[in-house]
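One gets our numbering by counting positions in the sequence shown from 1 and adding 1119 to each.
Single-structure report; data block below.
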Amino acid sequence: MYTLSSKLKLTAIIFMIVGAIGLVIGFLQAPSNLDDVKEIIAAEGHHGETSHHEEAEANFADAEQGMVNDAHAAGSHDAEHLEHKLHQLQNKPWAAVYVAAFFFFMISLGALAFYALQYASQAGWSPVLFRVMEAISAYIVPGGIIMFVLLALSGFHLNHLFVWMDPEVVAHDEIIQNKTAYLNVPFFLIRAAIFLGGWFLFRHFLVKNSRKLDEATDNAYFKKNFKLSAGFLVFFLVSESMMSWDWIMSLDPHWFSTLFGWYVFSSMFVSGITVIALVSIYLKSRGYLPFVNNSHIHDLAKFMFGISIFWTYLWFSQFMLIWYSNIPEEVVYFISRIENYSLPFFGMVALNFLFPLLVLMNSDFKRMNWFVVMTGIIILVGHYLDVFTMVMPATVGESWFIGLPEISAVFFFGGLFTFVIFNALTKAPLLAKRNPYIKESEHFHY
């Protein structure tokens, strides 16, 4: 039985407190009116917003009436631009929270999908890791509740993350008007509740049956989990795709991609597997998983390598087809990211593809724990940047930088994530002793 060390518990709590304080400061520093925005622009030396006034003044000699009309038009345009800038800067702490909340939630959901896949495929190598998978998936409940609260707050107009939730925008946007049957707040929140409720229930019964199997005299609970996992995977593939459309893709309501559900899935799947490997290596280094050997870590590293290549295939397929076709309403998605987010956009491709490719291609390296840990940290950083570049351009535009809100959000949710999963590890023995494949898993060597 694992015992949560006071040092680890204290560290997680400190991270949460520091993160919470940083987030409060970040929200307090956000501008509250247009005058605050003007001060921020002036402080940054961004005077481009006054170009319309300067142009009107330069053409003063043309005609007095023309100058007045131009000045009024420029003033109106500047007011709209300043208000747009205000919404972006007010969105910044909200978007930072949203990115971190979704990132850690998707890790737990990816781990749950991987766990269900092991049952559905009746894998013989992985049962010694089942308790680790169950513990990581435990975060899906608090993480899912947080996500639902954030979505509800958006629906109640406490932020401007989802532009299609703004009635004034919809009134002047024909494209969004044609999508209101699907993109409306009540139906949006109902779908979120269905997705989360389904994931919560499947996770609850999978873990419940797994614990009962330890005390059972037959394999009835294993057979239940086999059927339950098969059903969950069907529900997961549909609900995860729709979730990615709702929670991420609808941030850019004019844009869509038929690959997007798979793209988000690959990101959450490899992130979940990576955390399974990191937690397993940590526990083994503390003497808690003596039955886990280098062959198990090697197989997890193979999944890290393989799904990283799969993610790259989807990223390139989506990027290349849209970029080459050069359809304006589609290519604008990548133009905004290349022009304003070039460093995180291309940086995450290097972190999520080139680094795992070069490091994990060698089979021997997959058996070296420090290599797997180093690569795993890089992969997680890369996929955080992936979520960052999916969310930020649509919510804060060019007004982005990784500052106090972003770092604080990672601290807070990282601390909460760590506390939840290591606390969950204390709830049951670390070995699923009655699993019918446990002996095969304990003696898994190649």
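Think of the CB as a built atom: it goes at the ideal place given N, C-alpha and C, for glycine as much as any other residue.
For Leu1523, collect the residues of the same chain with a Cβ closer than 7 Å to its Cβ; drop the 5 residues on either side in sequence, then sort them by chain order. Stepping through the sequence shown from its first residue, residue 1523 is reached at position 404. Counting only Cβ-Cβ distances below 7 Å, and skipping sequence neighbours, we find Gly1141, Ile1144 and Gly1145.
Got a sec? Which residues, its chain only, sit under 8 Å from Val1288 by beta carbon, not counting five neighbours each side? In the sequence shown, residue 1288 corresponds to position 169, counting from 1. For Val1288, where only same-chain residues beyond five positions count, the Cβ hits under 8 Å are Val1282 and Ile1295.
By the 10 Å Cβ neighbour count, where 16 or more other Cβ atoms means buried, how is Leu1269 classified, buried or exposed? Within the sequence shown, the letter at position 150 stands for residue 1269. With 16 or more Cβ atoms within 10 Å of its Cβ, Leu1269 is classed as buried.
Neighbour-count burial assignment, Ile1395, 16 or more Cβ in a 10 Å radius: Within the sequence shown, residue 1395 is the residue found at index 276, counting from 1. Its Cβ being crowded by 16 or more others within 10 Å, Ile1395 is buried.
3-residue-minimum beta strand (DSSP E) runs that sit fully inside the segment 1399-1475, ordered along the chain: none
Pick from Tyr1565, Phe1453, Thr1545 and Val1500 that is closest to Arg1250, judged by C-alpha positions: For the purposes of this step, residue 1250 is identified with residue 131 of the sequence shown, where counting begins at 1. Among Tyr1565, Phe1453, Thr1545 and Val1500, the Cα nearest to that of Arg1250 belongs to Thr1545.
Between which two residues does the alpha helix (DSSP H) harbouring Arg1310 extend? For the purposes of this step, residue 1310 is taken as residue 191 along the sequence shown, with counting starting at 1. Taken as a continuous stretch (DSSP letters only), the alpha helix (DSSP H) holding Arg1310 covers Val1304 to Glu1334.
Could you check if Arg1456 is buried or exposed, using at least 16 other CB atoms within 10 Å of its CB as the buried criterion? Here residue 1456 refers to the residue found at position 337 of the sequence shown. Buried, by the Cβ-count rule.
Pull up the CB-CB distance for Tyr1407 and Leu1549, whole angstroms please, since I reckon it's below 8 Å. Within the sequence shown, numbered from 1, the residue matching residue 1407 stands at position 288. Within the sequence shown, numbered from 1, the residue matching residue 1549 stands at position 430. Between the beta-carbon of Tyr1407 and that of Leu1549 there is about 6 Å, and that keeps the pair under the 8 Å contact cut.
On the premise that Ala1235 lies in contact with Phe1351, defined as a C-beta separation below 8 Å, what is that separation, rounded to the nearest angstrom? Counting from one through the sequence shown, the residue named residue 1351 turns up at place 232. Counting from one through the sequence shown, the residue named residue 1235 turns up at place 116. So it is a contact: roughly 5 Å between Cβ atoms.
So Asn1554 is in the alpha helix (DSSP H); what residue range does that whole segment cover? Your numbering for residue 1554 matches position 435 in the sequence shown. Asn1554 -> no alpha helix (DSSP H), and no H or E assigned at all.
Spatially closest choice to Asn1278 from Ile1309, Gly1243 and Pro1212, by CA coordinates: Start at 1 with the first residue of the sequence shown, and residue 1278 comes out as number 159. Nearest of Ile1309, Gly1243 and Pro1212 to Asn1278, Cα basis: Pro1212.
Determine the direct distance from the alpha carbon of Phe1520 to that of Ser1274, and round the result to whole angstroms. Working through the sequence shown from its first residue, we reach residue 1274 at position 155. Working through the sequence shown from its first residue, we reach residue 1520 at position 401. Correcting the residue type first, residue 1274 is Gly in the shown sequence and not Ser. Each residue's Cα considered, the two are about 26 Å apart.
Stretch-stretch touch, CB-based, cutoff 8 Å, three pairs: the segment 1413-1433 with the segment 1478-1494: yes
Using the C-alpha atoms, what's the distance from Pro1286 back to Lys1298? As a first step, residue 1298 must be located in the sequence shown, where it is residue number 179. As a first step, residue 1286 must be located in the sequence shown, where it is residue number 167. Roughly 13 Å between the two C-alpha positions.
Can we say the segment 1359-1375 touches the segment 1466-1475, given the rule of at least three CB pairs closer than 8 Å? no
Just to confirm, are Leu1325 and Thr1514 a CB contact at a threshold of 7 Å? Mapped onto the sequence shown, residue 1325 falls at position 206. Mapped onto the sequence shown, residue 1514 falls at position 395. Between Leu1325 and Thr1514, the CB-CB gap reaches or exceeds 7 Å.
Cβ of Met1266 within 7 Å of any chain D Cβ: Looking for chain D here will not work: only one protein chain is present.
So, is Asn1445 buried or exposed, given that buried needs 16 or more other C-beta atoms within 10 angstroms? Here residue 1445 refers to the residue found at position 326 of the sequence shown. Under a 10 Å Cβ-count criterion, Asn1445 is classified as exposed, with fewer than 16 other Cβ atoms of the shown protein chains found around its own Cβ.
Quick check on Asn1210: does DSSP put it in helix, strand or coil? Locating residue 1210 in the sequence shown gives position 91, where the first residue counts as 1. Helix, per DSSP.
According to DSSP, is Asp1151 part of a helix, a strand, or is it coil? The residue labelled residue 1151 in the question sits at position 32 within the sequence shown. Contrary to the premise, residue 1151 reads as Ser rather than Asp in this sequence. Note: Ser1151 maps to coil in three-state DSSP.
Simplified DSSP state of Ala1275, which is helix, strand or coil: The sequence position of residue 1275 within the sequence shown is 156, counting from 1. A small fix is needed here, since residue 1275 is Phe in this sequence, not Ala. Coil, per DSSP.
Phe1531 to Asn1344 span [Cα, whole Å]: On the sequence shown, position 412 is the one that residue 1531 refers to. On the sequence shown, position 225 is the one that residue 1344 refers to. Each residue's alpha carbon lies about 34 Å from the other.
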